[in-house]
Every structure is written in C-alpha cells, then in structure tokens.
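S.K.:
There are 2 protein chains.
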Amino acid sequence: MNKAEEILAKYKLKKTNFRLELIKLFQSSKSSFTADEINDKIKSTNDKVTIYRALSAFEKKCLIHRVPDKSNLIRYALCQKECSKIHHKHNHAHFICNVCAQTFCLDNIKLPQINDTSGFKINKTKLTLEGACPSCY
Amino acid sequence: MNKAEEILAKYKLKKTNFRLELIKLFQSSKSSFTADEINDKIKSTNDKVTIYRALSAFEKKCLIHRVPDKSNLIRYALCQKECSKIHHKHNHAHFICNVCAQTFCLDNIKLPQINDTSGFKINKTKLTLEGACPSCY
DNA sequence: AACACAAACGCAACATGGTTGCGTAAAAAA
DNA sequence: TTTTTTACGCAACCATGTTGCGTTTGTGTT
Ligand SMILES: [Mn+2]
Ligand SMILES: [Mn+2]
Ligand SMILES: [Zn+2]
Ligand SMILES: [Zn+2]
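Sequence order for the protein chains is V and L.
Numbered as in the numbering used here, the first sequence ends at 137 without a single skipped number.
Numbered as in the numbering used here, the second sequence ends at 274 without a single skipped number.
Here is the structure:
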C-alpha cells in the first residue's frame, strides 16, 4: 500500500487534490465505490465528469477494477498485487450485500474450474455471491 | 413447452397479439432478449413501454428470468420447469458470448458450493462464463 | 523564474436505457 | 350488451454515463 503521491507519480498521473483523495478513499476501504458514492465522500470536486474520467484513468493503469453492482451501476474496487501496471488479472469472487448494497472482493475464494462440454469456448469465469455482509449479518 | 395461448390463460394474462408473439419469440430460441432486440423482431407493437411492461409481467409470473448481459442491459430468457408459478428457482450458470453479445443459460453446469469463512452470509450464487458461443467459436 | 506543453478540470449539452402518468382501447367477466 | 379490468400508446420524465470544448493547472524544460 503505497502513498497516494507515489502512486500518481509512478503511473505518470498528474497530482491533483481530487486524485489524491480518490486514491486514499479506495485505500481506506475493503469495499467499493460508485461515482455517486465518491461524489458524496470527496469534497475537492463536485463534477461527475471529473470523477468518471479519473476512474477511467485509474482503471486503465490497473489501480482499480470494476466489480459487480446490485443495481448494475459502474462500481470500482482497488486492484490487488496480481495486476501488473499494464494488465488486470483477477481471479477472485465478489460478494454483493443485499442489505447495504455494497460489493466486496473475496480474495480467499477460488474460482471454480469449469469444463463446458456443449461447445462453448470459455475465456473467463465470474463468480458472484449474494447475501448479507459481516456488518449487515 | 405449452402453446402461447394456454400460457396466457393459465397465468391470467390477457391475450394480445404482442404477448402471443413475445411468448413464441422466447420459446423459439435457446438464448435471450433485450427490449431492443424484441422491438426489432416483433411487429405487433413499436412502443418500448409496452415491451417493458410485458416483460415485467412475464417475469412476475415466472415465465422469464433476467440473465446477465455483456453491457449491463436488462435481458431475459425463458424460465425452466424448476420455477413454479409463484417463485423463481434457478440453479444454472450463464454464458455471455463476447462476439455476438448473446447470453445463454447453461443448464448442464452446476453451481459450485461455496462456504465462505469470513463472515459473509451467502444466499445466492451466480456463475457467469464468458467467451465464444458455439455459433461464434 | 519564465515558458511551453500536455494533462486534468468544469461546464453544458447530449446519449441511452428504462420508468411513470394518464387517457384510450380492447379483452374478459358479468 | 354492459361493466370491469387489463393492456396499450403517447408524452414526459429520470438516472447514469459520455462527449466536446474552452480554461486551468501541473510538470518538465529552458
Ligand atoms: Mn475484485
Ligand atoms: Mn438462466
Ligand atoms: Zn452489507
Ligand atoms: Zn456468440
């Protein structure tokens, strides 16, 4: 977990107050954020375009990755070490809490190995669990 | 696979040309449909509101169920026999083709049994595979 | 320190997908 | 045939996310 400033420098992203706050926000939480949730929590911008564009930039640099969302919103969580600077590589499951509507990465759950026999060529496997998270259970 | 007219009668849904066509459309295909795809394929209405409301009605009656979509659109497929008239009950995986963007129900693939240890209460498991479908492979 | 350039911001306008309200039409029930 | 209820069709709306563009601000160079 590097300092926010180092990360921006390392990825050749300009250091702005908003981006510093955004990195710190992601680092502060085990869960994930939508653009709207970010807007609520961060004061240094109030413009959704700025938020969306920063999220896209961070995603491209493999700082964050998209996670499933209860309402099909775009939602991001911090990437883990598996991801290089260039390529995302995720092999964990996700959990959607139906009470608080948060999404969590479940790093401890391995994805099942599926061998389909019916002529589908499988390139990716996504496993999403739903229920109640520890805080809501 | 009952006749469309019987189904509408059985579920106390009024028999209209559009709904008959809609049921037949779902029965004709192993895959799934978005509102837009339905609008392209069915002539008896041209109003998206009619389509969305029919889909909601059919979903409530457990005739169809939502399936994941490559672009997070609302997409439906026919329910199988497991679903009663009142309750959906699905335990199959889904496959998203990244070439044709279609979604298929994979009835032959069983969902993995997940026992999470980290305090999450799991109520539902969703397994989505991605790749190329038989036609696109 | 001044300059130059590219990257990020902020505002407005737009796009898409889906929903709501309401008057009208038309099945189905009486 | 009359009444009742459901479905339709149009318009208006809403929510989420995107695009264009002029301005500002970091950052690296002189
Ligand atoms: Mn994740
Ligand atoms: Mn299915
Ligand atoms: Zn929760
Ligand atoms: Zn395909």
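Ideal placement from N, C-alpha and C gives every residue a C-beta, glycine not left out.
Here the structure is a predicted model, which is why all the values come from computation and not from measurement.
Can you give the Cα-Cα distance for D177(L) and F163(L), rounded to whole angstroms?
M.R.: Distance between the alpha carbons of D177(L) and F163(L) is about 14 Å.
S.K.: Which partner residues does V67(V) have in the DSSP bridge list?
M.R.: V67(V) pairs with R75(V).
S.K.: Using a beta-carbon distance cut-off of less than 8 Å, what residues from the stretch 247-273 of chain L approach chain V?
M.R.: Residues passing the 8 Å Cβ filter: P249, I251, D253, T254, S255, G256, F257, K258, I259, N260, K261, T262, K263, L264, T265, L266, E267, G268, A269, C270, P271.
S.K.: Near F104(V), what residues of its chain come up, given a Cβ to Cβ distance below 6 Å and the 5 sequence neighbours on each side ignored?
M.R.: S31, F95, listed in sequence order.
S.K.: So what does DSSP say about T50(V), is it helix, strand or coil?
M.R.: Note: T50(V) maps to helix in three-state DSSP.
S.K.: Assign Y274(L) to buried or exposed, taking buried as 16 or more other Cβ atoms, counted over all protein chains shown, within 10 Å of its Cβ.
M.R.: It counts as exposed.
S.K.: Does DSSP put N123(V) in a helix, a strand or coil?
M.R.: Residue state, collapsed to three classes: strand.
S.K.: In terms of alpha-carbon separation, which member of K222(L), A191(L), E158(L) lies closest to K180(L)?
M.R.: When each option's Cα is compared against that of K180(L), the closest is E158(L).
S.K.: Please list the segments of the beta strand (DSSP E) lying wholly inside the stretch 92-117 of chain V, counting only runs of 3 or more residues, in order along the chain.
M.R.: Complete beta strand (DSSP E) runs here, min 3: 92-97, 103-110.
S.K.: Look at the Cβ atom of C199(L), then the Cβ atom of H224(L), and state whether they are nearer than 8 Å.
M.R.: Cβ atoms of C199(L) and H224(L): closer than 8 Å.
S.K.: Output the boundary residues of the alpha helix (DSSP H) element that contains K24(V).
M.R.: Unbroken alpha helix (DSSP H) run through K24(V): 17-27.
S.K.: Out of N123(V), V49(V), L73(V), N115(V), point me to the one whose CA is closest to A101(V)'s CA.
M.R.: Comparing Cα-Cα distances from A101(V) to each of N123(V), V49(V), L73(V), N115(V), the minimum goes to L73(V).
S.K.: Which of the residues in the stretch 236-247 of chain L, read from start to end, lie with their CB under 9 Å from any CB of chain V?
M.R.: The stretch 236-247 of chain L vs chain V, Cβ under 9 Å: F241, L243, N245, I246.
S.K.: For a quick check, are the C-beta atoms of K258(L) and G131(V) less than 8 Å apart?
M.R.: Yes; because the gap between Cβ atoms is below 8 Å, this pair is in contact.
S.K.: Taking only the alpha-carbon atoms, compute the straight-line gap between T187(L) and D253(L) and give it to the nearest angstrom.
M.R.: So the alpha carbons of these two residues sit roughly 42 Å apart.
S.K.: Tell me the rounded alpha-carbon separation between R212(L) and F58(V).
M.R.: Going from the Cα of R212(L) to the Cα of F58(V) covers about 30 Å.
S.K.: Looking at the secondary structure, which residues open and close the alpha helix (DSSP H) in which N2(V) lies?
M.R.: Run containing N2(V): none; DSSP gives neither H nor E here.
S.K.: Would you kindly work out how many angstroms separate the C-alpha atoms of K85(V) and I7(V), rounded to a whole number?
M.R.: Distance between the alpha carbons of K85(V) and I7(V): 11 Å.
S.K.: Identify each residue in the stretch 183-217 of chain L for which the Cβ-Cβ distance to at least one residue of chain V is less than 7 Å, and report them in chain order.
M.R.: The stretch 183-217 of chain L vs chain V, Cβ under 7 Å: N209.
S.K.: Could you tell me which chain V residues have their CB closer than 8 Å to the CB of F232(L), listed as they occur along the chain?
M.R.: In chain order: D116, F120, I122.
S.K.: Determine whether the beta carbon atoms of T265(L) and K126(V) lie at a separation below 8 Å.
M.R.: Closer than 8 Å, so yes.
S.K.: Considering only residues of the same chain and omitting the five flanking positions on each side of K77(V), which have a CB-CB separation below 6 Å?
M.R.: It should be noted that the sequence gives Ala, not Lys, for residue 77(V). Excluding positions up to five away in sequence, the list reads S32, V67, C105.
S.K.: Under 7 Å, CB to any heavy atom of ligand 4. Which residues pass, going along the chain?
M.R.: Every residue passing the under-7 Å Cβ criterion appears here: C234(L), V236(L), C237(L), Q239(L), A269(L), C270(L), S272(L), C273(L).
S.K.: Within a Cβ cutoff of 6 Å, which residues of the same chain sit near K24(V), ignoring the five residues on either side of it in sequence?
M.R.: Taken in chain order, the residues that qualify are A4.
S.K.: With a cut-off of 8 Å on the beta carbons, I'd call N235(L) and K207(L) a contact; round off their distance for me.
M.R.: Going by Cβ atoms, the distance from N235(L) to K207(L) rounds to 7 Å, so yes, they are a contact pair.
S.K.: Taking the alpha helix (DSSP H) that E219(L) falls in, what are its first and last residues?
M.R.: Taken as a continuous stretch (DSSP letters only), E219(L) belongs to no alpha helix (DSSP H), as it is neither H nor E.
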